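Before any comments, here is the structure.
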Ligand SMILES: Cc1cc2nc3c(=O)[nH]c(=O)nc-3n(C[C@H](O)[C@H](O)[C@H](O)COP(=O)(O)OP(=O)(O)OC[C@H]3O[C@@H](n4cnc5c(N)ncnc54)[C@H](O)[C@@H]3O)c2cc1C
Ligand SMILES: Nc1ncnc2c1ncn2[C@@H]1O[C@H](COP(=O)(O)O)[C@@H](O)[C@H]1O
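Written out as structure tokens, the structure reads:
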């Protein structure tokens, strides 16, 4: 089985976001980057599929030189190969998807894994865009993927429950929390990853479809009120929820 | 020009987020001098679809086909884009629900359109739409413009109003031919827990963190949630500890929620948690540490013990009913 996993390199969740001088992107100075959390789950799922069905797992990231850190982490977790589709500028999700789709078309994997969303632009688009561009079936927000020959039964999260979805390989899956617990790279894995090569090639050019006109901080909230230090504050809380917030 | 709004239904019942997107489509259509058309897809859905007129649809189109009874994402996306093309729609709205997020990228590719997802505000400027969407888990907001001729937007649930006021609209049925490949992914069954609403759809959320001390004490939050008709939310700390299921996790690696009221009990307010709930309209924090970061965001705070304050709140709410 050939499995491809698409992974993104994003600011650490602790990062304080500052708007850059161009007013459309973030100030990258002092920002730590990491593998997007849902993509870690996707990598883990890919490794488990390879171990079960034999074959290989290939990690792909589209971005600048820095994305190699995240590819290196995927190698340390145990993927067999890593590919960097080079792009030094910013791309919209459509551009990212078009670049990935071009590479994936040539690779023709049986399974393509994505995270359900990257935690930078929170777009939740790229995986399904790629599926549609390649004419492949997809299952979004998957919390269980069971493959028997070329038939797949998945559980996919929906509001207040889940759907049981059937599909066929080759297919695209978007990993959601709960699918698995991603492993930590072992020391041996980290050492081995250092010597594994990362294949580099330019990402195919595409025109952006969505343009960021401005990036700004959300409106600051006015300071709240401390109503008290024990249950004697409860009547005042109920009064405020009733009179001010008008919720109850 | 036409503005098309996809309205999601399950078992013939529309979601509130569908009413919100029809209303938003109506408002945008009005400022552009365009017509607002609502679209429903499924089996047996035409009959009740006229209701969407109340939210501002001038007409409703139903792709009503027994073969579309189960949600097959490729087939449904094809239904939406076929109708959009036939109507010559320049703008397509979908709710940013799990179903909307599953369909919108496919619809966008089929319409050669750009997609702005999870929008929280829309503004018409010089005949074009400026959409605002939270990025970096709500730590920033991006104002974006879709540059293609046809534009697709998904709208975050619970943010846009679902104002009524229109009359029932006429419903036309449109047939869309499907091929076997369109049904390669199908939903075989749906399991929805009854009782409590889901965190992403709830108007009120009662959320608990490590300060609840153990899974058994969430019964206190469930009693409070019962009085309020609220959903239960959780911090990652308690989900990782196995006290609560994954689907209740709120935060950067959990659900993003925008309820009217969020009550945080024994939650410190780590940035990753705030990321998921900072757009709540009113936030109440109950925490015994006066320096907990959650108080920085809370409208109303009680610096106290959850084991004392929560039961008192539940009791007094019951009495005031
Ligand atoms: C990559 C990454 C992603 C993450 N994603 C998420 C996410 O999506 N969601 C999320 O929630 N977290 C997330 N986290 C974890 C986050 O950093 C925090 O660890 C977590 O939110 C803490 O949960 P908590 O507030 O329940 O626990 P704690 O931080 O331990 O806080 C417990 C609070 O309870 C209070 N308390 C204790 N006893 C009582 C009492 N009797 N009465 C009243 N108050 C009491 C304490 O004062 C304290 O403030 C993420 C972390 C990382 C690194
Ligand atoms: N630059 C990228 N390189 C590789 N994969 C990506 C990239 N951006 C996004 N992805 C994948 O697409 C998923 C959804 O991303 P998004 O649509 O940006 O939220 C992520 O979880 C990744 O699996």
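Residue numbers (our numbering), protein chains in the order written: chain A, -18 to 229; chain B, 160 to 480. Backbone N, C-alpha and C define an ideal beta-carbon position, used for all residues, glycine too. On a predicted model such as this, the values are computed, not experimentally measured, just so you know.
Between residue i and ligand 1, is there a pair consisting of the residue's CB and a ligand heavy atom that are separated by less than 7 Å?
i, result
"residue 354(B)", "no"
"residue 18(A)", "yes"
"residue 466(B)", "yes"
"residue 439(B)", "no"
"residue 161(A)", "no"
"residue 24(A)", "no"
"residue 492(B)", "No information on residue 492(B) is available, as it lies outside the stretch 160 to 480 that chain B covers here."
"residue 4(A)", "no"
"residue 403(B)", "no"
"residue 417(B)", "no"
"residue 369(B)", "yes"
"residue 294(B)", "no"
"residue -6(A)", "yes"
According to DSSP, is residue i part of a helix, a strand, or is it coil?
i, result
"residue 209(A)", "strand"
"residue 392(B)", "strand"
"residue 157(A)", "coil"
"residue 186(B)", "helix"
"residue 431(B)", "helix"
"residue 302(B)", "strand"
"residue 258(B)", "helix"
"residue 225(A)", "coil"
"residue 45(A)", "coil"
"residue 320(B)", "coil"
"residue 69(A)", "coil"
"residue 145(A)", "strand"
"residue 193(A)", "strand"
"residue 137(A)", "strand"
"residue -10(A)", "strand"
"residue 31(A)", "helix"
"residue 341(B)", "helix"
"residue 414(B)", "strand"
"residue 227(B)", "helix"
"residue 93(A)", "strand"
"residue 75(A)", "helix"
Just to check my reading of the structure: residue i and residue j have Cβ atoms closer than 8 Å, yes? What is that Cβ distance to the nearest angstrom?
i, j, result
"residue 22(A)", "residue 160(A)", "5 Å"
"residue 343(B)", "residue 187(A)", "Contact flag wrong, Cβ pair sits at about 27 Å."
"residue 137(A)", "residue 152(A)", "Contact doesn't hold; Cβ gap of about 12 Å is too wide."
"residue 267(B)", "residue 315(B)", "Between residue 315(B) and residue 267(B) the Cβ distance is about 17 Å, and since that is not below 8 Å, they are no contact."
"residue 191(B)", "residue 166(B)", "The Cβ separation is near 20 Å, so there is no contact."
"residue 273(B)", "residue 190(A)", "3 Å"
"residue -9(A)", "residue 17(A)", "5 Å"
"residue 391(B)", "residue 384(B)", "6 Å"
"residue 409(B)", "residue 358(B)", "6 Å"
"residue 54(A)", "residue 166(A)", "6 Å"
Give a single yes or no on whether residue i has its beta carbon closer than 7 Å to a heavy atom of ligand 2.
i, result
"residue -11(A)", "yes"
"residue 103(A)", "yes"
"residue 74(A)", "yes"
"residue 98(A)", "yes"
"residue 108(A)", "yes"
"residue 43(A)", "yes"
"residue 14(A)", "no"
"residue 77(A)", "yes"
"residue 95(A)", "yes"
"residue 81(A)", "yes"
Is any heavy atom in ligand 3 found nearer than 7 Å to the beta carbon of residue i?
i, result
"residue 431(B)", "Ligands in the displayed structure: ligand 1 and ligand 2; ligand 3 is not one of them."
Is the region 213 to 222 of chain B touching the region 345 to 354 of chain B in the sense that three or more CB pairs, one from each, lie closer than 8 Å?
-> no
Any residues in the region 103 to 121 of chain A with a beta carbon nearer than 7 Å to a beta carbon of chain B? Which ones, in chain order?
-> 103, 104, 105, 106, 109, 110, 113, 114, 118, 119, 120 and 121
Between the region 205 to 223 of chain A and chain B, which residues of the former have a C-beta closer than 9 Å to a C-beta of the latter?
-> Of all residues in the region 205 to 223 of chain A, the ones placed with a Cβ closer than 9 Å to any Cβ belonging to chain B are 205, 206, 207, 208, 209, 210, 211, 212, 213, 214, 215, 216, 217, 218, 219, 221, 222 and 223, in chain order.
Taking only beta carbons into account, state which residues of the region 278 to 304 of chain B come closer than 7 Å to chain A, listed in chain order.
-> 289, 293, 294, 295, 296, 297, 298, 299, 300, 301, 302, 303 and 304
State whether the region 391 to 400 of chain B contacts the region 75 to 85 of chain A, with contact taken as three or more CB pairs (one from each stretch) at a distance under 8 Å.
-> no
Validate contact between the region 282 to 296 of chain B and the region 227 to 239 of chain B using beta carbons, cut 8 Å, 3 pairs = no
Proximal residues, the region 145 to 175 of chain A versus chain B, C-beta separation under 7 Å | Sequence-ordered contacts of the region 145 to 175 of chain A with chain B read 145, 146, 147, 148, 149, 158 and 159 [C-beta pairs closer than 7 Å].
Taking one C-beta from the region 263 to 281 of chain B and one from the region 97 to 108 of chain A each time, how about it: are there three or more such pairs within less than 8 Å?
-> yes
Any contact of the region 418 to 438 of chain B with the region 365 to 376 of chain B, i.e. 3+ C-beta pairs under 8 Å?
-> yes
With 8 Å as the C-beta to C-beta threshold (strictly closer), list the residues of the region 375 to 396 of chain B near chain A in chain order.
-> 387
Meets three-Cβ-pair contact criterion under 8 Å: the region 438 to 446 of chain B and the region 411 to 421 of chain B | yes
Tell me, please, whether the region 21 to 38 of chain A touches the region 51 to 65 of chain A by the rule of three or more beta-carbon pairs shorter than 8 Å.
-> yes
Between the region 10 to 29 of chain A and chain B, which residues of the former have CB atoms less than 9 Å from a CB of the latter, in chain order?
-> 18 and 19
If you pair each beta-carbon of the region -2 to 12 of chain A with each one of the region 191 to 198 of chain A, do three or more pairs fall below 8 Å?
-> Cβ pair count under 8 Å is three or more, so yes.
Decide if the region 205 to 214 of chain B is in contact with the region 321 to 334 of chain B; the criterion is three or more beta carbon pairs, one per stretch, under 8 Å apart.
-> yes
Interface residues of the region 461 to 477 of chain B facing chain A [CB-CB below 7 Å] = 461, 462, 463, 467, 468, 471, 472, 475 and 476
Quick check: the region 213 to 220 of chain A against the region 164 to 184 of chain B, are there 3 or more CB pairs under 8 Å?
-> Contact between the region 213 to 220 of chain A and the region 164 to 184 of chain B is absent, because fewer than three Cβ pairs lie under 8 Å.
Would you say the region 109 to 126 of chain A touches the region 36 to 45 of chain A, given that touching needs at least three Cβ pairs under 8 Å?
-> no
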